[in-house]
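Numbering (our numbering), first residue to last: 59 to 199.
Built from N, CA and C at the ideal position, the CB exists for glycine as well.
Please read all numbers here as calculations on a predicted model, not as lab measurements.
Have a look at the structure below, then the notes.
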């Protein structure tokens, strides 16, 4: 079967944002395993029902939208090794990519209130939009 190229546009709704001590891009670790700090996930009021049954100690997958990313990038250096071989962006975890979706595996440290989770580790910048929360399943990530 022949497939024709179709460029589609999708929309996603931010359900909240990250509240973090990381305020400059250059301060953000490349991976959560590189001393990423604790942070807070703040849900917008209309999405609080979705937090039902999340508990301290749970592992979650947080999907974010890297709103400051360069969406024109298709090749980059791994871990900012400028001057080394360039790699296709889809073989890296660079935030600069056509659809800058961040994937973060975190542990819930505390349920602060019905809209706020204290999580760790989180390498995203303060104000980064959150587009989804999923339970961590070891065989998927």
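Of the other Cβ atoms in all chains shown, fewer than 16 fall within 10 Å of the Cβ of residue 102; this residue is therefore exposed. Note that the C-beta distance between residue 100 and residue 77 is below 7 Å. Bridge partners of residue 194 according to DSSP: none are assigned. Spatial neighbours of residue 192 in its own chain (CB-CB distance under 6 Å, excluding positions within 5 residues in sequence) are listed in chain order as 119. Assigned with DSSP and collapsed to three states, residue 97 falls in strand. The region 166-174 makes no contact with the region 132-146; the number of CB pairs closer than 8 Å stays below 3. The Cβ atoms of residue 188 and residue 115 lie no closer than 7 Å to each other. Closest option to residue 84, judged by alpha-carbon separation, among 190, 194, 183: 183.
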